[in-house]
Structure formats: structure tokens, C-alpha cells
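Accompanying notes for the structure given below.
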Amino acid sequence: MEEKKTFSGKSAVLNACFTALGAALLAVCAWITIPVGEIPVTLQTFGVFVVAALLGAKRGALAVAVYLLLGAVGAPVFSGFRGGFASLAGVTGGYLIGFLPAAWLVGFASGRWGRKLPVLAAAMAAGLLVDYAFGSAWFMVVYLRGTGTITLWAVLGKCVIPFLIPDAVKLALAALLVRALPKGGVPDAF
Numbered sequence: 189m190e191e192k193k194t195f196s197g198k199s200a201v202l203n204a205c206f207t208a209l210g211a212a213l214l215a216v217c218a219w220i221t222i223p224v225g226e227i228p229v230t231l232q233t234f235g236v237f238v239v240a241a242l243l244g245a246k247r248g249a250l251a252v253a254v255y256l257l258l259g260a261v262g263a264p265v266f267s268g269f270r271g272g273f274a275s276l277a278g279v280t281g282g283y284l285i286g287f288l289p290a291a292w293l294v295g296f297a298s299g300r301w302g303r304k305l306p307v308l309a310a311a312m313a314a315g316l317l318v319d320y321a322f323g324s325a326w327f328m329v330v331y332l333r334g335t336g337t338i339t340l341w342a343v344l345g346k347c348v349i350p351f352l353i354p355d356a357v358k359l360a361l362a363a364l365l366v367r368a369l370p371k372g373g374v375p376d377a378f
């Protein structure tokens, strides 16, 4: 029986396996949590950056989408072993959804310009900024609807500034890990 081929000749089964492994890695990274107030520090951004840089734009973003869908239907894949649509619809759900464009951006850059350290670092920093922007805007909208007025500075002080150093460390570790892994270990993105 011949395997079904897709896109650039990669098997559909291989693509599905790498995507599923990426989503699983994101769940494991979400479970590694350090509580810091309302929003915990997790390894999710580390996982998103590693998965996207290794799998490329399409499979990386697809792995994030699978992860988010698993969480939306109730699988306990988010931080604190939470799941359900309420996690995505809540004030911090935008940071989770922001992983999609961040993953695509990192995967695109690593696929287009290679896995050189400056490329990875710049792409991951840009992806993190996209996630911060999307998540902070979402936070403001949901907070305004449910609780009341909040300023952009208050949102940044609560949701971004405390995480700049931990996220920079995760970004650096992700870039170094991806750089250290052999290129041939993961087939080119489809």
C-alpha cells in the first residue's frame, strides 16, 4: 500500500506526526508553571518558538492551532492543567491565540533565512512582540467589557513588563536549542 504524499513529497502521516508532537510539546511546556500573580510564567513561548523554528511556518502554526483546539474542547493542555473555551475567551486568552501568528512568523523566518542565531533571535523577538500586542489588546477589550476601564499602561504593567526578562531568557534558550539541533533531524516544512 502506497503512502499518501502531500505538498513537497512529504508523507501525510509524517506531517501529521510532527504536527501532533509539536502540539504535545506545547502542552507539556504549558504545564511547567511558575505562579506570578494572575498570569503564570510558563514555558509555552519557549515551546512555540522551538516548534515553529523546527517545523516551519505551516506545520508550526498548525501545531499551535491543534494545541488551541484541544484546549478549547476541554483537554487540560493550558497552564495549570486548564482547558475549555473559557480559557481562550478570558482576559489572558489573547496571549494564547497570539501564539498562532507568532509561530507562523518564526517558522517563516527560519524557513526563509535559515536557522542562524541572529535570524532566530530576531524572528522570535518579533513573534513575541506580536503575541504581546495581540494578547494585550485582547486583555483590554475583555477587561473593559467585564470589569471596567483599564489603561494600556496598566495592562502592560500587569501582562507584559513582569514577563520581559523571563520571556527573553526563554527566547534565548529556544534560539540556542534550535541552533544546536541538526537541520536534518526534522524534514523541511511542507
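Just so you know, we're using this note's numbering here: the sequence shown kicks off at 189 and counts up by one.
Glycine included, C-beta positions come from ideal geometry on N, C-alpha and C.
These figures come from a predicted structure and were not determined experimentally.
When you compare each of Gly268, Ala218, Phe206 to Ala249 by their alpha carbons, which one comes out closest?
Nearest C-alpha to Ala249 among Gly268, Ala218, Phe206: Phe206.
Would Gly268 count as contacting chain E if we go by Cβ distances under 8 Å?
In the structure shown, chain E cannot be found, because there is only a single protein chain.
If you run the structure through DSSP and keep just helix, strand and coil, what is Arg270?
Secondary structure at Arg270: strand, using DSSP grouped into helix, strand and coil.
From Val224, Gly271, Arg367, Ala200, pick the residue whose C-alpha is nearest to that of Trp301; which is it?
Closest option to Trp301, Cα to Cα, is Arg367.
Which residues bound the alpha helix (DSSP H) around Met248?
Here the sequence assigns Gly to residue 248, which means Met is not the residue at that position. Going by DSSP, Gly248 is part of the alpha helix (DSSP H) stretching over 232-260.
Please classify Phe195: does DSSP put it in a helix, a strand, or coil?
Legend: pLDDT at Phe195 = 45, less than 50; position of this residue unreliable, no value from coordinates given.
Rounded straight-line distance, which links the Cα of Gly235 to that of Lys361:
Per the sequence shown, the amino acid found at residue 361 is Leu instead of Lys. Between the C-alpha atoms of Leu361 and Gly235 there is a straight-line separation of about 10 Å.
For Ala245 and Pro223, the rounded distance between their alpha carbons
When the Cα atoms are used, Pro223 and Ala245 turn out to be separated by approximately 31 Å.
Could you tell me if Thr335 is buried or exposed, where buried requires 16 or more neighbouring beta carbons within 10 angstroms of its beta carbon?
Flag for Thr335 reads exposed.
Through-space distance from Ala208 to Ala251, alpha-carbon basis:
Roughly 6 Å between the two C-alpha positions.
Please look up how many angstroms separate the CB atoms of Tyr255 and Ala211, rounded, as I've assumed it's under 8 Å.
The C-beta distance from Tyr255 to Ala211 rounds to 4 Å, short enough to meet the 8 Å contact threshold.
Going by CA-CA distance only, name the one from Leu365, Lys358, Ala363 that's closest to Met233.
Just to set this straight, residue 233 is Thr in the shown sequence, not Met. Cα-wise, what sits closest to Thr233 is Lys358.
With distances taken between CB atoms, is the gap from Val348 to Tyr331 smaller than 8 Å?
No, the pair does not count as a contact, with Cβ atoms beyond the cut-off.
Below 8 Å on the Cβ atoms is my contact criterion, and I expect Val230 with Ser267 to pass it. Report the Cβ-Cβ distance as a whole number of Å.
For the sequence presented, residue 230 should be read as Thr rather than Val. 5 Å between Cβ atoms; contact.
Secondary structure at Thr410, three-state DSSP: helix, strand or coil?
In the structure displayed, the chain extends from 189 to 378; residue 410 sits before or after that span and is not available.
Mind checking which residues open and close the alpha helix (DSSP H) that includes Val348?
According to the DSSP assignment, Val348 belongs to no alpha helix (DSSP H), since it is labelled neither H nor E.
For Val229, name the three-state secondary structure that DSSP assigns.
Looking at Val229 - three-state DSSP - the assignment turns out to be strand.
If you draw a straight line from the alpha carbon of Pro289 to that of Val318, how long is it in whole angstroms?
Taking the straight line joining both Cα atoms gives about 7 Å.
Taking only the alpha-carbon atoms, compute the straight-line gap between Leu242 and Gly315 and give it to the nearest angstrom.
Approximately 15 Å between the Cα atoms of the pair.
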